[in-house]
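Residue numbers for the sequence shown follow our numbering, beginning at 540 and rising by one. Positions of the beta carbon are idealized from the N, C-alpha and C atoms, including for glycine. These numbers were taken from a predicted model, which means no experiment stands behind them.
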Amino acid sequence: MSRPGQGVMMPGSGLGFPPQNVARVVVWEWLNEHSRWRPYTATVCHHIENVLKEDARGSVVLGQVDAQLVPYIIDLQSMHQFRQDTGTMRPVRRNFYDPSSAPGKGIVWEWENDGGAWTAYDMDICITIQNAYEKQHPWLDLSSLGFCYLIYFNSMSQMNRQTRRRRRLRRRLDLAYPLTVGSIPKSQSWPVGASSGQPCSCQQCLLVNSTRAASNAILASQRRKAPPAPPQPPPPPPGGPPGALAVRPSATFAGAALWAAPAAGPAEPAAPPRSPSAPGGAPTPGQNNLNRPGPQRATGVSARASIPPGVPALPVKNLNGTGPVHPALAGMTGILLCAAGLPVCLTRAPKPILHPPPVSKSDVKPVPGVPGVCRKTKKKHLKKSKNPEDVVRRYMQKVKNPPDEDCTICMERLVTASGYEGVLRHKGVRPELVGRLGRCGHMYHLLCLVAMYSNGNKDGSLQCPTCKAIYGEKTGTQPPGKMEFHLIPHSLPGFADTQTIRIVYDIPTGIQGPEHPNPGKKFTARGFPRHCYLPNNEKGRKVLRLLITAWERRLIFTIGTSNTTGESDTVVWNEIHHKTEFGSNLTGHGYPDASYLDNVLAELTAQGVSEAAAKA
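Here it is as structure tokens:
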């Protein structure tokens, strides 16, 4: 099919401006931990634009228009979003699209996540989906945008091409994003003077104003106490002495030097560098250090020993609350000091507690009620007599007079021939034959089901593409490996009086088999052995028993593309979530999490792994 057009990405840096006398829709976006630019809502973007017109170097309090964004403030000078309660900073950008595109019409495309909530697509994907929808295409392939999904407009669903899993999607009308023409008038000086009117009296604006006052006091104090700054040394050459410290000017902060060292750790995962430019100014050499990879930010053995006299050490990210300065006050002061031209030292962010304290072999015990302590999987032995037509006919009942509705596989009407006619030929399976699945009753062309089965794992099982009901015993494509499980005498957060079940998965690198994406090609296995944790209670032991079954059916892992690194042909998790943090929950993969055990049981059931299925 023809490729739908995408949003117009206007080149630029800093705040960004559209060409003179050209109307463009403005969408503000923030960079998430997967290096994806996520759009703010149209309401938030209107609010940001209004503040921008008054003071392009000020701060935007997002909680004034969205109660869910109460902790967040955008600093327009540094183009970063700041979270007051944690001190986390993320880059933001101002992007432009055609007024006739989805954001200009207030159209939002969303997909349903595992919790039943609706999540908006990235803006470029939203525009691509809307263009295909307006051209009345029956389906859309997102692989050219880097996503292994198919969009079906007739059933309003999204399907994963590898796992065949479907999710609902919807098209929603919302407020149109703000429109701008040409450049924005020059901003006032910063901070805003008295002529700008009375400030807001809400708590967040009071915090911003008090933080600016604190920064002015610190600035005056440093001017009185700090000795004359020595000339800045050039960056050390590659392979230089380990004690050398590389200091780079910050373009975003108008020349302020941002000091940091690897001993102190980055304040936030590094983001891809963007074109440096002060708002409304010409580009200057260098990059903001917050956007640099960790090794490029600084080199040194000790952050404290490398900080020159007079540089304040402010805990920009202080989740533990142990510092002398409140995290919100310290973080905002750090931003404002950078904007004023003072160097700031970023302190170390807290690290997740991934593993328990050391455990002796004598303290490791078997899990009660679970036989053994280890399970191994070998290379898959393809079973014979798994002819695709035989498998499909085993679970289908022939329909003589099918209804006039869509087959959700080929998107053709059931009363007409299958869309795979001429593409797939099987003896005894005519293109017009229609069948009904036994338990759920959903109807499809037999040839479509044969094509779906032939494109899958070919393990003798069949999964309804509409309701996900599984017929037979579903198996996966997990590479060979070993699963160990045992009790350790330590407790998880939220389970103080309960010991812990530790699961250890270990999969070595190898060669992909015929069931994998690239047969004969080597695959990697990063991060193994992987340690996971469950509470040793009745429900935790139930989850363990089902995880053992899922492991034996090769459903825990698969070979694909990593969502975090982008590496292809590597071992990745396969839609059954595990807890890999032992003593914290900083990444969302730890405890306490009251709903985790119920959620993972539901995920196992969706893979056909349940106690009821085992007894059947």
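C-alpha distance - residue i paired with residue j, whole-angstrom precision
i       : j       : result
ARG575  : LYS937  : 46 Å
PRO812  : ALA671  : The pLDDT assigned to PRO812 is 36, lower than 50, so where the model puts this residue is not dependable, and the model offers no usable value.
LEU681  : VAL1110 : 22 Å
GLY1105 : MET662  : 20 Å
ARG952  : GLY958  : 9 Å
ARG705  : CYS949  : 14 Å
ARG914  : GLU1091 : 8 Å
VAL1139 : GLU1114 : 9 Å
VAL898  : ILE892  : 15 Å
PRO724  : HIS619  : Here the model assigns PRO724 a pLDDT of 38, short of 50, so the residue's position is not dependable, and the following value carries that caveat. Rounded to whole angstroms, PRO724 to HIS619 spans 22 Å at the Cα level.
ALA802  : PRO889  : Caution applies to ALA802, whose pLDDT of 35 falls short of 50 and renders its modelled position unreliable; the value that the coordinates give is listed next. Roughly 13 Å separates the two Cα atoms.
LYS939  : GLY974  : 9 Å
VAL1148 : GLY1122 : 29 Å
THR1097 : TRP1112 : 6 Å
GLU593  : ASN634  : 19 Å
LEU1143 : GLY1059 : 30 Å
THR916  : GLY1066 : 19 Å
CYS987  : GLY655  : 29 Å
LYS1007 : GLU673  : 29 Å
TRP648  : ILE1027 : 46 Å
LYS534  : ASN1102 : Given that the chain is displayed from residue 540 to residue 1155, the structure contains no residue 534 and the question cannot be resolved.
GLN1051 : ASP1108 : 9 Å
TYR1135 : GLN1146 : 17 Å
ALA1035 : LEU1086 : 24 Å
LYS922  : ASP998  : Residue placement at LYS922 is poorly supported in this model, since its pLDDT is 47, which falls under 50; the coordinates are not used for a value here.
HIS1116 : GLU651  : 17 Å
SER640  : LEU570  : 22 Å
ALA1133 : GLN697  : 29 Å
VAL968  : PHE686  : 33 Å
ILE1095 : CYS979  : 26 Å
Residues that residue i bridges to, as DSSP identifies them
i       : result
TYR660  : DSSP lists no partner for TYR660.
LYS915  : LYS1021
GLY1099 : THR1109
GLN936  : ARG975
GLN697  : ILE690 and ARG706
ASP1045 : LYS1021
LYS904  : LEU1026
PRO1074 : THR1039
GLU928  : In DSSP, GLU928 forms no bridge with anything.
ILE1050 : LYS1061
THR719  : ARG563
GLU1012 : Answer is none; GLU1012 lacks a bridge partner.
MET982  : ARG975
ARG711  : VAL647
ASP1132 : The partner list for ASP1132 (beta bridge, DSSP) is empty, contrary to what the question assumes.
The ligand MG heavy atom lying under 7 Å from the CB of residue i
i      : result
LEU986 : No copy of the ligand MG appears in this structure; indeed no ligand is present at all.
Whole-Å CB distance - residue i paired with residue j, under 8 Å assumed
i       : j       : result
THR1016 : HIS1055 : 6 Å
PHE1024 : VAL906  : 6 Å
TYR934  : LEU972  : With a Cβ gap of about 14 Å, TYR934 and LEU972 do not count as contacting.
PRO1018 : ILE1040 : Incorrect: roughly 24 Å between the Cβ atoms, too far for contact.
GLY1033 : PRO1131 : 3 Å
PRO1074 : THR1126 : Wrong, their Cβ atoms sit about 19 Å apart, outside the cutoff.
VAL564  : LEU718  : 6 Å
TYR954  : PRO941  : The residue you asked about is not Tyr; residue 954 is Val in the sequence shown. Rounded, the Cβ-Cβ distance is 6 Å, consistent with contact.
VAL590  : GLY597  : 6 Å
LEU608  : VAL583  : 7 Å
THR1048 : ALA1064 : 5 Å
ARG622  : PRO610  : 5 Å
GLN701  : GLY1099 : 6 Å
Proximity of residue i and residue j at Cβ, strictly below 8 Å
i       : j       : result
THR1014 : ARG932  : no
LEU708  : MET695  : yes
ILE668  : TYR636  : no
GLY645  : ALA581  : yes
ILE1009 : MET1022 : no
MET991  : ARG703  : yes
ILE587  : ILE612  : no
ARG632  : GLU568  : yes
ARG1084 : VAL912  : no
THR947  : TYR579  : no
VAL720  : PRO642  : no
TYR1044 : GLY1079 : no
Residue ranges of each alpha helix (DSSP H) run of no fewer than 4 residues wholly in the stretch 553 to 640, ordered along the chain?
581 to 593
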